[in-house]
Amino acid sequence: MKNLKVKITGVGKQNYLISIDEKPVQLKKNSFGSYEHDAQTEKDSVNIKIKTVHEMNSKYWFLTNIFFFIISIFGIFDYRFPKRCLSNSFETNVKLANEQSEINISLLPSQLGRPCAEVKSECEVQEVKNACEQDLVALKRMKTLRITKGILWIALIIAGIVLAFTTNII
Amino acid sequence: MEQKRIANMQLNHLGIILSNLSFVGLILIISTIFFYLFYGLLVLIMILPVLFTLGAVLFANPDYFGWLSGDSAILTFMNNFTSALPVIAITTIVTSVLSLLCLCFFKGHKSWWRIVLCSIIIVLALLVAFGVIGV
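From first to last, the protein sequence lines are chains H and U.
Numbering follows numbering that gives the first Met the number 0, in which position 110 of the first sequence is assigned residue number 109; successive positions increment by one, without gaps.
Numbering follows numbering that gives the first Met the number 0, in which position 52 of the second sequence is assigned residue number 51; successive positions increment by one, without gaps.
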């Protein structure tokens, strides 16, 4: 049985989904603010995947977002999603030579077209993917949502004007 | 797993909206209390001329009646003070300051201007509701 200690720094407020050998893992936060996980395997190599998840990739993205829009009083008390919808995707294969191995992955700030992580390890590391890309699906959905919100705002203004005239407020 | 994580994110999103709303609710409550206190002060100032009149009657000093004449300083002061503008100004300033104080809790959400704006709107609505400003 081989042991791999995975240490991830720079997670910040991003929502990362981390999986080792296709199995999602829950990382523990240590006293220095970085995340750790001890993976055990019989294999000679371990596959590590790290990717960001966007709220817009939900199954019911439209319904939930419209619901949030309405309860936040037409978006006044809602928070804004980042406009660029950047998605970090990192995948690496680590060859385990010793019984005890360690890998340090530092996640970098999202910048389009740049690598999203840096790896430090004594083991042989083969990077499969390391990029910061635009999530086109999320971007398209956000555009749809923005148009819908605009239509709802116009409808609200029209309804307000009609109501004001019919009830003789003005 | 991804959908579970997204569901968690959506729950956080809902939490942020609710916390924003509750902060505005808090501002509304505090501004209502302040408004009542301020209104109490106004009432007290309005009672003062009555006390002066009582003084005039009790001490039989005609000078006291001067306070109640049409162009007296106290009446002018009182009329100005009871008009809506100072109430609007002070209540708005107080609620805006309260909103700014609330910013400490909103660092991550960056919606401070919405809170300030909404507080001002709420206070104005409150003033309309109390009949201070006529529409």
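Think of the CB as a built atom: it goes at the ideal place given N, C-alpha and C, for glycine as much as any other residue.
Exposed unless 16 or more other CB atoms sit within 10 angstroms - verdict on threonine 91 of chain H: One-based indexing of the first sequence puts residue 91 of chain H at position 92. Threonine 91 of chain H should be labelled buried.
C-beta contact flag for valine 103 of chain H and isoleucine 7 of chain H at 9 Å: For the purposes of this step, residue 103 of chain H is identified with residue 104 of the first sequence, where counting begins at 1. For the purposes of this step, residue 7 of chain H is identified with residue 8 of the first sequence, where counting begins at 1. Looking at the sequence shown, residue 103 of chain H is not valine but asparagine. Their beta carbons are under 9 Å apart, which means asparagine 103 of chain H touches isoleucine 7 of chain H by this criterion.
Span separating the alpha-carbon of leucine 13 of chain U from that of valine 136 of chain H: If you number the second sequence from 1, residue 13 of chain U lands on position 14. If you number the first sequence from 1, residue 136 of chain H lands on position 137. In a straight line, the C-alpha of leucine 13 of chain U is about 22 Å away from that of valine 136 of chain H.
Same chain, Cβ closer than 7 Å to glycine 74 of chain H, five either side skipped, listed in chain order: Numbered from its first residue, the first sequence carries residue 74 of chain H at position 75. Here the set comprises Phe68 and Lys148.
Reduced DSSP secondary structure (H/G/I, E/B, other) of valine 5 of chain H: As a first step, residue 5 of chain H must be located in the first sequence, where it is residue number 6. Three-state result, valine 5 of chain H: strand.
Continuous alpha helix (DSSP H) stretch holding threonine 166 of chain H: start and end: To locate residue 166 of chain H, count along the first sequence from 1; it is residue 167. Counting along the chain, threonine 166 of chain H falls outside any alpha helix (DSSP H), and DSSP gives it neither H nor E.
Cutoff 9 Å: valine 161 of chain H Cβ touching any chain U Cβ: Along the first sequence, read from residue 1 onward, the residue named residue 161 of chain H stands at position 162. Taking Cβ atoms only, chain U never reaches closer than 9 Å to valine 161 of chain H, which makes this a no.
Identity of the residues DSSP links to serine 86 of chain H by a beta bridge: On the first sequence, position 87 is the one that residue 86 of chain H refers to. The partner list for serine 86 of chain H (beta bridge, DSSP) reads H:Glu132.
Cβ separation of lysine 50 of chain H and leucine 16 of chain H, assumed to be a contact under 8 Å, to the nearest whole Å: On the first sequence, position 51 is the one that residue 50 of chain H refers to. On the first sequence, position 17 is the one that residue 16 of chain H refers to. With a contact defined as Cβ atoms closer than 8 Å, lysine 50 of chain H and leucine 16 of chain H qualify at about 5 Å.
Residue from H:Asn2, H:Cys131 and H:Leu151 whose Cα sits closest to the Cα of phenylalanine 66 of chain H: Here residue 66 of chain H refers to the residue found at position 67 when the first sequence is read from its first residue. Nearest C-alpha to phenylalanine 66 of chain H: H:Leu151.
is_contact[threonine 166 of chain H, chain U] using C-beta, thresh 9 Å: For the purposes of this step, residue 166 of chain H is taken as residue 167 along the first sequence, with counting starting at 1. Cβ-Cβ to chain U under 9 Å: no for threonine 166 of chain H.
Boundaries of the beta strand (DSSP E) in which leucine 16 of chain H is found, first to last residue: If you number the first sequence from 1, residue 16 of chain H lands on position 17. Here the beta strand (DSSP E) through leucine 16 of chain H covers 15–19.
Buried versus exposed, by CB contacts within 10 Å (16 or more), asparagine 11 of chain U: Taking the first residue of the second sequence as 1, we reach residue 11 of chain U at position 12. It counts as exposed.
Serine 21 of chain U classed as buried or exposed, judged by whether at least 16 other C-beta atoms fall within 10 angstroms: As a first step, residue 21 of chain U is located in the second sequence; it is residue number 22 there, counting from the start. The residue is exposed, with fewer than 16 neighbouring Cβ atoms inside 10 Å.
Contact with chain U by leucine 175 of chain H, beta-carbon distance below 9 Å: There is simply no residue 175 of chain H to check, as chain H begins at 0 and stops at 169 in what is shown.
Glycine 159 of chain H versus threonine 165 of chain H - alpha carbon distance: Counting from 1 along the first sequence, the entry for residue 159 of chain H is found at position 160. Counting from 1 along the first sequence, the entry for residue 165 of chain H is found at position 166. Taking the straight line from one Cα to the other gives about 10 Å.
CB contact below 9 Å: tyrosine 78 of chain H versus chain U: Residue mapping note: residue 78 of chain H aligns to position 79 of the first sequence, counting from 1. Chain U, which has a Cβ nearer than 9 Å to the Cβ of tyrosine 78 of chain H, makes this yes.
Limits of the beta strand (DSSP E) - the one that isoleucine 104 of chain H falls within: Mapped onto the first sequence, residue 104 of chain H falls at position 105. That run of the beta strand (DSSP E) goes 99–106.
Three-state secondary structure (DSSP) of lysine 42 of chain H: By 1-based counting over the first sequence, the position of residue 42 of chain H is 43. If DSSP states are grouped into helix, strand and coil, lysine 42 of chain H belongs with coil.
9 Å Cβ cut-off: residues of chain H touching leucine 20 of chain U: Indexing the second sequence from 1 puts residue 20 of chain U at position 21. Residues of chain H passing the Cβ test: Ile70, Ser71, Ile72 and Phe76.
Contact belief for valine 93 of chain H with serine 44 of chain H at Cβ below 8 Å, rounded distance in angstroms: Reading the first sequence from its first residue, position 94 is the one you call residue 93 of chain H. Reading the first sequence from its first residue, position 45 is the one you call residue 44 of chain H. About 6 Å separates the two Cβ atoms, so the contact holds.
For asparagine 29 of chain H, the three-state DSSP class (helix, strand or coil): On the first sequence, residue 29 of chain H is found 30 positions in, with the first residue counted as 1. Correct three-state label for asparagine 29 of chain H: coil.
Three-way DSSP call (helix, strand, coil) for glutamine 36 of chain H in this model: One-based indexing of the first sequence puts residue 36 of chain H at position 37. Residue identity check: residue 36 of chain H is histidine in the sequence provided, not glutamine. Of the three classes helix, strand and coil, the one that applies to histidine 36 of chain H here is strand, per DSSP.
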